[in-house]
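Note that the sequence shown covers residues -21 to -1, 1 to 363 in mature numbering (1 follows the signal peptide of the UniProt record, and there is no 0).
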Amino acid sequence: MKKIKLFVCLVLLLVGCQPQPQTQPQKEEIKNTVSCHFIGDLLYEKPYYDWIEDDSQDKGYYDLVRPYLQNDDLSIANLETPIGGKELNVSGTGYSFNASREIGKQVASLDLEVVSTANNHANDRGNQGIDNTLDFLKEKDILAVGTYYNQDDRNQGKYMTIHGIKLGFVSYTYATNQIVSDENQAKVALFNRPSDRKMTQAYKDLLTKEVTQTRENCDVLIAMMHWGNEFTYDISTQQEEVSQLLSDLGVDIIIGNHSHCSQPMQWINNNRTLCMYSLGNFVSADPIVDRTHQEFKNAYNVSMIVSLDIVEENNQISIQNIDYIPVINYYDEHLQNFKLIPYDQYTTQYETSHYHYHNGLTKEWIQQTYQKLIPEKLSNHQLQ
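As structure tokens, this is what we get:
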């Protein structure tokens, strides 16, 4: 019996020592997501300055929208007003704008990662205004795209890596109100010839060269464009032509501005590129807007925050969860109590006390307008 027990133990020991078949480890799925919010023009005008009393504080103006921008990975805006500082004469009138560093601190409080600085007001305070703006944004760790210290700065390109996804940025404007001199052409990215605002072959070639170089060095390419016509929902011929060119060059997302109202958002070029033709005025304060009729006086005060996710999964990048919410720039009948209010928080009390309520700026009008501009939920798409 002892011999039998010893034999059984030896057999069990030998069986235990045999190599066991290895189960193949499952390949770990790699997924990186960059959550994004895009907002429109930051245009600081005199009635807002009057209300905040010499730039002293924002008085809660941004409180309801700030959480959107603080709780994401990437927020982008168009900085329509240079931050040249008080030494260059602060102005919110006369189509010649300049903000103080105090206003700049309000911009920085929004937790923006990127701002476009290429727009028709970029050169309102000349070279010093451009440089002061760039200095301030660098100090606040905000990436400026579209204006540059010099050609070397411009040649470096603008990039940012978030969660392992490398993002590249370009920004261009159709023109500047104060024409950029020939010797300073590198300081502002234009896609048109300054003298007649036409896209000549030379400017097309320059844009093509810069966009192509940026495309080669990033995973996702975002273009911020100041273009089109003011006070219209319609897309201009030049917007169509330039958006097609950008898409052909590999731009994945186009964020447009300048019209002072929202314009359509859609996939273009066989779903190659998501194009937001205009996000509208995020910050503004002109109750009169004497260059247009009441429809666009109302539209002047409504913009949209666009949200989306840039997702990398198993080496494939896609744009997912595209959505938007209208934002109303509120001020009462006395041009007081300015506040940026998301549509879902725009109460009846806010609605009926808005300066333009009796001129047709109602929640129903806002809803109908955006349903016409963006009639369907935009689908997810993989980037080519």
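Each residue gets a CB set at the ideal place from its N, CA and C atoms; glycine is no exception.
Residue i burial status per 10 Å Cβ neighbour count (16 or more: buried)
i	result
Ile158	exposed
Ile55	buried
Tyr74	exposed
Lys351	exposed
Ile267	exposed
His333	buried
Thr152	buried
Lys318	buried
Ile353	buried
Gly39	exposed
Lys276	buried
His272	exposed
Ala278	buried
residue 364	Beyond the ends of the chain as shown, which are -21 and 363, falls residue 364; an answer cannot be given.
Arg270	exposed
Asn236	buried
Gly125	buried
Arg176	exposed
Ile214	buried
Glu355	exposed
Ile9	exposed
Chain-order list of residues whose beta-carbon lies under 6 Å from that of residue i (same chain, five-residue window excluded)
i	result
Ala264	Glu24, Pro26, Tyr27
Asn111	Gly63, Gly64
Glu92	Leu53, Ser54
Asp184	none
Ile232	Ile201, Leu253
Three-state class that DSSP yields for residue i in the structure shown
i	result
Trp30	helix
Ser215	coil
Thr331	helix
Ile9	coil
Leu253	strand
Lys318	strand
Gln97	The residue asked about is misnamed: residue 97 is Ala in this sequence, not Gln. In the structure shown, Ala97 sits in coil (DSSP, three-state: anything other than H, G, I, E or B).
Glu292	strand
Ser226	helix
Val44	coil
Leu21	strand
Tyr182	helix
residue 365	There is simply no residue 365 to check, as the chain begins at -21 and stops at 363 in what is shown.
Asn308	strand
Leu169	strand
Thr348	helix
Thr152	strand
Leu362	coil
Asn163	helix
His239	coil
Tyr303	strand
Gln245	strand
Lys356	coil
Lys38	coil
Glu195	coil
His16	strand
From the options, residue whose alpha carbon lies closest to that of residue i
i	options	result
Val167	Trp206, Asn106, Lys10	Asn106
Gly136	Asn163, Arg176, Asn196, Gln85	Asn196
Asn260	Val230, Phe17, Thr12, Asn11	Phe17
Leu224	Leu258, Lys188, Tyr212	Lys188
Asp42	Gln324, Val93, Asp184, Gly125	Gln324
Gly83	Arg104, Leu113, Ala97, Thr72	Leu113
Ile345	Glu312, Ile304, Val262, Leu357	Ile304
Gln242	Pro46, Ser222, Tyr349	Tyr349
Thr327	Thr341, Asp51, Tyr182, Gln192	Thr341
Val281	Arg176, Leu258, Asn249	Leu258
Gly71	Ser95, Lys145, Trp30, Ala123	Trp30
Asp302	Asn208, Glu292, Val285	Val285
Arg104	Ser297, Val69, Met244	Val69
Glu343	Tyr138, Met178, Ile307, Ser222	Ile307
Same chain, Cβ closer than 7 Å to residue i, neighbours up to 5 away in sequence not counted
i	result
Thr155	Asn99, Ala101, Asn102, Val167
Pro165	The residue you asked about is not Pro; residue 165 is Ala in the sequence shown. These residues qualify, in order along the chain: Tyr127, Asn129, Gln130, Arg133.
Lys65	Ser79
Tyr329	Tyr309, Ile320
Tyr336	Glu330
Gln49	Asp90
Leu21	Ala56, Asn57, Leu58, Glu59, Thr60, Val86, Phe261, Val262
Tyr212	Cys240, Gln242, Leu352
Own chain, CB closer than 8 Å to residue i, minus 5 neighbours either side, in chain order
i	result
Gln363	Arg251
Val230	Val149, Val190, Arg194, Leu200, Ile201, Ala202, Thr252
Pro(-1)	Bear in mind that a pLDDT of 49 at Pro(-1), under 50, signals an unreliable position, so the model cannot answer this.
Chain D within 8 Å of residue i, Cβ atoms only
i	result
Gly63	In the structure shown, chain D cannot be found, because there is only a single protein chain.
Exercise. Output the residue ranges of the beta strand (DSSP E) runs that lie fully inside the region 50 to 93 and measure 3 residues or longer, sorted by chain position.
Key: 53 to 58
Exercise. Would you mind listing the alpha helix (DSSP H) stretches within the region 260 to 290 that are 4+ residues and don't spill past its ends, in chain order?
Key: 273 to 278
Quiz prompt | beta strand (DSSP E) runs contained entirely in the region 96 to 146, provided each spans 3 or more residues | solution = 122 to 124, 137 to 141
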